[in-house]
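All remarks here apply to the structure that follows.
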């Protein structure tokens, strides 16, 4: 990630770059997918907004784990979660990056990472979200 990188996830991850560098490889793709998911939820009009108290600790990890166990590819994973959580990227840049992330050539490893490292990845996503709020 560079300072001039304009991808939405790079901008979001910049909030934690000084103390938590972005992950690389399949874990990096998983991290970016979770950021894309979180920032694609309509927090004003989605049913998810009513579950903010359990979102980070229960709702999000459970949904990610189930979707990653059931999906055979990243597009299925995203479709399931986006539909369930009413997550729709709102900017062209976010849609473009999401399309690229979903075509990761190592999708099997990304899904495995999402299954095996769910809580750690959600924690990192939460840290990014909280860091961005504080800015």
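In the numbering used here, the protein residues as written are 897 to 1031.
Just so it is clear, CB atoms sit at the ideal spot from N, CA and C, and this is done for glycine as well.
Next item on the list: Taking only the alpha-carbon atoms, compute the straight-line gap between residue 1024 and residue 1016 and give it to the nearest angstrom.
Entry: Position 128 of the chain shown, counting from 1, holds the residue named residue 1024. Position 120 of the chain shown, counting from 1, holds the residue named residue 1016. Each residue's alpha carbon lies about 13 Å from the other.
Next item on the list: My understanding is that residue 985 touches residue 916, with C-beta atoms under 8 Å, so please give their C-beta distance in whole angstroms.
Entry: For the purposes of this step, residue 985 is taken as residue 89 along the chain shown, with counting starting at 1. For the purposes of this step, residue 916 is taken as residue 20 along the chain shown, with counting starting at 1. Between residue 916 and residue 985 the Cβ distance is about 23 Å, and since that is not below 8 Å, they are no contact.
Checklist line | Sequence-distant residues of its chain with Cβ nearer than 6 Å to residue 919 (five each side left out) | finding: Position 23 of the chain shown holds residue 919. Counting only Cβ-Cβ distances below 6 Å, and skipping sequence neighbours, we find 927.
Next item on the list: Please classify residue 960: does DSSP put it in a helix, a strand, or coil?
Entry: Numbered from its first residue, the chain shown carries residue 960 at position 64. Here residue 960 sits in helix by DSSP.
Item checked: Whole runs of the beta strand (DSSP E) within the segment 995-1023, excluding any shorter than 3 residues -> none
Margin query: Counting C-beta neighbours from all protein chains within 10 Å, is the total for residue 899 16 or more, i.e. buried, or is it exposed?
Written below: As a working mapping, residue 899 is identified with position 3 in the chain shown. With a pLDDT of only 48 at residue 899, under the threshold of 50, the placement of this residue in the model should not be trusted; the figure read from the coordinates follows. Burial call: exposed.
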